[in-house]
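2 protein chains.
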Amino acid sequence: MARKSGKTTIHDIAFELRLNASTVSRALANKPVVSQKTRNLVLAKAKELNYRPNHMAAALRRGRSDILGVIVPAIDRAFFASVIRGIEEKAGEQGYHIMVCQSYDSSMRERTMVETLRRVQVDGILISVAKDGKTDTAFYRKLIDGGLPVQFFDNIPEGIEAPAVVIDDEKGAFDATTHLIKSGYRRIAHLCGPQHLHIYRDRYLGYTRALKEAGLPVEDELIVEIGSHFDTSPEIFSRLWERPNPPDAIFSASDYSAAVGLKAALKLGLRVPEDLAFMGFSNEPFTEIITPQLSSVDQQTLEMGRRSAERLMAALNNNSTPAKTEPKLVLLPKVIVRESSS
Amino acid sequence: MARKSGKTTIHDIAFELRLNASTVSRALANKPVVSQKTRNLVLAKAKELNYRPNHMAAALRRGRSDILGVIVPAIDRAFFASVIRGIEEKAGEQGYHIMVCQSYDSSMRERTMVETLRRVQVDGILISVAKDGKTDTAFYRKLIDGGLPVQFFDNIPEGIEAPAVVIDDEKGAFDATTHLIKSGYRRIAHLCGPQHLHIYRDRYLGYTRALKEAGLPVEDELIVEIGSHFDTSPEIFSRLWERPNPPDAIFSASDYSAAVGLKAALKLGLRVPEDLAFMGFSNEPFTEIITPQLSSVDQQTLEMGRRSAERLMAALNNNSTPAKTEPKLVLLPKVIVRESSS
DNA sequence: TTGTAGGCGTTATCAT
DNA sequence: ATGATAACGCCTACAA
Chain A
165 MARKSGKTTI HDIAFELRLN ASTVSRALAN KPVVSQKTRN LVLAKAKELN YRPNHMAAAL
225 RRGRSDILGV IVPAIDRAFF ASVIRGIEEK AGEQGYHIMV CQSYDSSMRE RTMVETLRRV
285 QVDGILISVA KDGKTDTAFY RKLIDGGLPV QFFDNIPEGI EAPAVVIDDE KGAFDATTHL
345 IKSGYRRIAH LCGPQHLHIY RDRYLGYTRA LKEAGLPVED ELIVEIGSHF DTSPEIFSRL
405 WERPNPPDAI FSASDYSAAV GLKAALKLGL RVPEDLAFMG FSNEPFTEII TPQLSSVDQQ
465 TLEMGRRSAE RLMAALNNNS TPAKTEPKLV LLPKVIVRES SS
Chain B
165 MARKSGKTTI HDIAFELRLN ASTVSRALAN KPVVSQKTRN LVLAKAKELN YRPNHMAAAL
225 RRGRSDILGV IVPAIDRAFF ASVIRGIEEK AGEQGYHIMV CQSYDSSMRE RTMVETLRRV
285 QVDGILISVA KDGKTDTAFY RKLIDGGLPV QFFDNIPEGI EAPAVVIDDE KGAFDATTHL
345 IKSGYRRIAH LCGPQHLHIY RDRYLGYTRA LKEAGLPVED ELIVEIGSHF DTSPEIFSRL
405 WERPNPPDAI FSASDYSAAV GLKAALKLGL RVPEDLAFMG FSNEPFTEII TPQLSSVDQQ
465 TLEMGRRSAE RLMAALNNNS TPAKTEPKLV LLPKVIVRES SS
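Protein chains in written order, with this note's numbering: chain A, 165 to 506; chain B, 165 to 506.
So, in structure tokens, the structure goes:
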């Protein structure tokens, strides 16, 4: 039994062994100085008393918490859930814990969360920036200059030198569009996301570059902007289809919009992919499940999480800003060809 | 400027104001004793020095961390991602943080995670138990008796009195099956999950009860066990279909298996739901997106997360074991009728 | 209303 | 190889 009623501390162990707390601390920390005999005694007594180290006390003393903060717009979006999994995996391997927050795509809330995480003394923060277009670049610049290790991923603040892990949206879109062209499609429409976000702009650029490199015209009337990632109004599709010269393929910046379009097409009696091909973006879990399966662009979410965590932790160990030399790591997306564009 | 180079502490504020740290502490904590004048001074200086409270230090002193541990099999499964969102929402509202861990459905790892979370001094733990059938009931009994507030949700350990939030799987299955019966289907097959898990056993029981109450026979050959939640081998479906007297509806304990079966049915030229109806379980995001849309049973995931968090925090505030009086909260699932069973 | 002092549990720096 | 002591930053009796 420990002396007091509460939890066992190193003092309890020391007391019972007629040792000093510091010796116990050293023994537990496996410092080479302590004698083998003492170490065994301590270890045995620790087990006997059901000792459980108080991580917070140690953290306070050492000045590091071994906790990483993670801020994403929403935990329950497949993309982020997967990235977080990757982060947790890698963090766990190195004895770090993660504390997850949601910004709900509000930049203001995001800043609040950053402050909150700092109070909790996280050693560093991983952020996928809120997509409300109100990112305060100055805030993040100050943050980084202030010495807090920050690692961005996915959607990153523009005009700022900061470590980041992103995927090459431009190349993903380029590859996807090129695949459609090589499959024989010529009038390829594009459902593009809000252009104030670089990820959607890049997808748009990849799309147009693919057309140009293939000698195909870029036609404005084949390009439709969708409200958001989750814009699923069938009207978008019909607007395209009711044109005199409709497209023979659709490359959407979002799997959701692609799926809705696909459904609308089937309802009209069109054959997919013979009459109309579809290509989405994100490789959402449902793409394999719908009929026909939706071709898409995989964003390497697990990898993104893993690499982000690795880089942040490396920076913490080197006691330097993350990846000062090569601040931005660009992952290569992968076109997954399925039934909708075979 | 703070005295030393590092972060500002209440001592820095006190020093500059020729006050004592305890006064600063009280002012910051909004204790009524401090004079308005002093409070204002402190607040102003705090802002000026960019003071940020060290939550860990306070936690160490007060003996509570305001951190809740969460253990789930996998963060990136839609079900858990959604529950976690609910937890984070509610926790955040009351100033709690969450620390998320994955058990990867290994009971051993789960126990390790519990230990790890305790070291970090979480105030309580929320757990959805690993589904490898190796749950160590004694471990959890000791845990709870030891005074650590634990709140289970979803998959809970059997044979143990512990606070839990679950959904009524039996009723969900009953309602789903009854819906099929009322829609005119008579030979309803069931794809059931591993029966050593109570959630799947309950679904099976609900299914059989519905048949019995409707005066329909329970036919063993219409019941097929699938390997896991994600078992998606089309053979399962064909095995059912190749019988002399095939089913006219399928109630699956998993949306994934239902979707695969649905796809196989369409490939065979069957009309859904005219020739064969489908009903899944879980209301996965993809159910709305596939064609035809899959009917399913919603599990109130967000609500489950919210209520779990609420109950745990209530227990923490009352300084009592969570919901001693009504340990198990049962949420009601909801049948969502879509095209596959209209 | 404010100051003093002690301690939360650990670790790091001395000294022995 | 071990012990004594101080400190991490905060909170809270108790005293003034």
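The C-beta atom is built at its ideal place from N, Cα and C for all residues, glycine as well.
- Counting along the chain, the unbroken beta strand (DSSP E) around F317/B starts and ends at V314 to F317.
- Within the region 283-361 of chain B, the complete alpha helix (DSSP H) segments of 4 residues or longer fall at 301-309 and 333-346, listed in chain order.
- Y368/A is not a Cβ neighbour of A423/A, given a cutoff of 9 Å.
- Contact between E334/B and G310/B is absent: CB atoms are separated by about 32 Å, not below the 8 Å threshold.
- For the pair F317/A and D439/A, the Cα-to-Cα distance works out to about 38 Å.
- For the pair L496/B and D366/B, the Cα-to-Cα distance works out to about 14 Å.
- When secondary structure is reduced to three states using DSSP, E438/B falls in the coil class, being assigned neither helix nor strand.
- Using a CB distance below 7 Å, the part of the region 408-435 of chain A facing chain B consists of A423, K427 and L430, ordered along the chain.
- The closest CA to that of G233/B, considering only P358/B, T341/B, E252/B and V388/B, is found on E252/B.
- For G233/A, the three-state secondary structure derived from DSSP is strand.
- Chain-order list of chain A residues neighbouring A221/B: L224, by C-beta distance under 8 Å.
- Shown here, L496/B sits in coil according to DSSP, grouped into three states, outside any helix or strand.
- When the beta-carbon positions are compared, I454/A and I324/B stay at least 9 Å from each other.
- Annotation: F445/B is outside any alpha helix (DSSP H) and is labelled neither H nor E by DSSP.
- DSSP places S416/A in the uninterrupted beta strand (DSSP E) bounded by A413 to S416.
- Just measuring C-alpha positions, the residue of K427/A, I291/A and Q359/A sitting nearest A238/A is I291/A.
- The shortest CA-to-CA distance from S267/A to any of A294/A, N218/A, I177/A and K498/A is the one to A294/A.
- Chain-order list of chain A residues neighbouring A245/B: I239, D240 and A245, by C-beta distance under 7 Å.
- Sequence-distant Cβ neighbours of A374/A in its own chain, meaning closer than 6 Å and more than five residues away, are F338, T341 and T342.
- In this model, N482/B and V314/B are separated by some 14 Å (Cα to Cα).
- A straight-line Cα-Cα distance of about 8 Å links E474/A and A255/A.
- In the DSSP annotation of this structure, the continuous segment of the beta strand (DSSP E) that includes Q266/A starts and ends at H261 to Q266.
- When the alpha-carbon of E383/B is set against those of I390/B, G391/B, R351/B and R403/B, the nearest one is in R351/B.
- Listed along the chain, the chain A residues whose CB falls inside 8 Å of the CB of E252/B are I239, V264, C265 and Q266.
- Annotation for L458/A: D419, A422, A423, L426, F442, G444, T451, R502 and S504 place their beta carbon closer than 7 Å to its own, counting only its chain and skipping 5 residues before and after.
- Pairing G288/A with Q463/A gives a Cβ-Cβ distance that is not under 9 Å.
- For the set P327/B, P217/B, E448/B and A302/B, the Cα lying nearest the Cα of A242/A is the one of E448/B.
- Contact of Q200/B with chain A is not assigned, every C-beta pair being separated by 9 Å or more.
- Between the alpha carbons of T465/A and R403/A lies a gap of roughly 33 Å.
- G256/B has a beta carbon lying within less than 9 Å of a beta carbon in chain A.
- Taking a 10 Å sphere around the C-beta of T301/B, we find fewer than 16 other C-beta atoms and assign the residue as exposed.
- By the criterion of at least three beta-carbon pairs nearer than 8 Å, the region 199-214 of chain A is in contact with the region 170-183 of chain A.
- Annotation: V188/B is outside any beta strand (DSSP E); the continuous alpha helix (DSSP H) that includes it extends over A185 to L192.
- The Cβ atoms of I320/A and H360/A lie no closer than 9 Å to each other.
- Under the three-state reduction of DSSP output, V198/B falls in the coil class, being neither helix nor strand.
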